[in-house]
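Read the structure below first, then the notes.
In the numbering used here, the protein residues as written are 1 to 189.
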């Protein structure tokens, strides 16, 4: 009978060691996961800032980085490329975006944020986003006049709608006026 109690005493330190080891593994995985999330957020902020910078210059890049919780640490224009570096917490990231040599047709009255959102949509789609002339009865005509909305050809709606929110574009009238997209209230993500 004494042997049994002795065996029990030998297993208990092993179980305690396994519990401590599992706890340490969870702690390490949690920190690695947190670092990966911070890095991903920094990359997103850098991408958005580079696109904003390519569309509207240094000030727009800085505003975009700040809106995404990051601080822009470097801004360069190299030919038609805009390169931006940001810092978010302990994570650093950089991104490039190509400026257009000429403004797209119909973008003359676009606000900088909308130009950046359209540029991001083009990047996500892998093709230019053609613009249509707004209809007279467009329910978002006030947003069009303010440079905060676009209309696209009907054939593009099915492709643009799934990526619009990633680009910072909202579709406020998907049933009544599906070709109308506008800058989301939060701007470019």
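Glycine is no exception: its CB is placed at the ideal position from the N, C-alpha and C atoms.
What would DSSP say about residue i, mapped onto helix, strand or coil?
i	result
residue 102	Interpretation of residue 102 is limited by its pLDDT of 48, a score under 50 that renders its predicted location unreliable; the figure taken from the coordinates is listed afterwards. The answer is coil: DSSP assigns residue 102 none of H, G, I, E or B.
residue 149	strand
residue 131	coil
residue 177	coil
residue 111	coil
residue 139	coil
residue 46	helix
residue 89	coil
residue 53	helix
residue 70	coil
residue 59	helix
Could you check whether the Cβ of residue i sits closer than 7 Å to any heavy atom belonging to the ligand ATP?
i	result
residue 74	The ligand ATP is absent from the structure shown, which contains no ligand whatsoever.
Measuring only the C-alpha atoms, how far is residue i from residue j?
i	j	result
residue 178	residue 166	17 Å
residue 102	residue 121	Its pLDDT being 48, under 50, residue 102 is placed unreliably by the model, and nothing is read from it.
residue 62	residue 22	43 Å
residue 130	residue 31	44 Å
residue 11	residue 24	20 Å
residue 74	residue 38	19 Å
residue 119	residue 137	27 Å
residue 176	residue 134	14 Å
residue 84	residue 17	48 Å
residue 59	residue 117	16 Å
residue 71	residue 13	49 Å
residue 76	residue 143	32 Å
residue 180	residue 44	26 Å
residue 187	residue 81	Interpretation of residue 187 is limited by its pLDDT of 47, a score under 50 that renders its predicted location unreliable; the figure taken from the coordinates is listed afterwards. C-alpha separation (whole angstroms): 22 Å.
residue 152	residue 27	49 Å
residue 128	residue 99	13 Å
From the DSSP output, which residues share a beta bridge with residue i?
i	result
residue 75	84
residue 95	84
residue 170	182
Apply the 10 Å Cβ neighbour rule to residue i and answer buried if 16 or more other Cβ atoms are within range, or exposed otherwise.
i	result
residue 110	buried
residue 20	exposed
residue 183	buried
residue 15	exposed
residue 91	buried
residue 185	exposed
residue 164	buried
residue 52	buried
Tell me, to the nearest whole angstrom, how far the beta carbon of residue i is from that of residue j; I am working on the premise that it is less than 8 Å.
i	j	result
residue 169	residue 148	The Cβ separation is near 10 Å, so there is no contact.
residue 97	residue 54	4 Å
residue 88	residue 125	No, residue 88 and residue 125 are not in contact; Cβ-Cβ is about 26 Å, not under 8 Å.
residue 46	residue 95	4 Å
residue 68	residue 50	At roughly 12 Å, the Cβ-Cβ gap does not stay under 8 Å, so residue 68 and residue 50 are not in contact.
residue 56	residue 112	3 Å
residue 140	residue 172	7 Å
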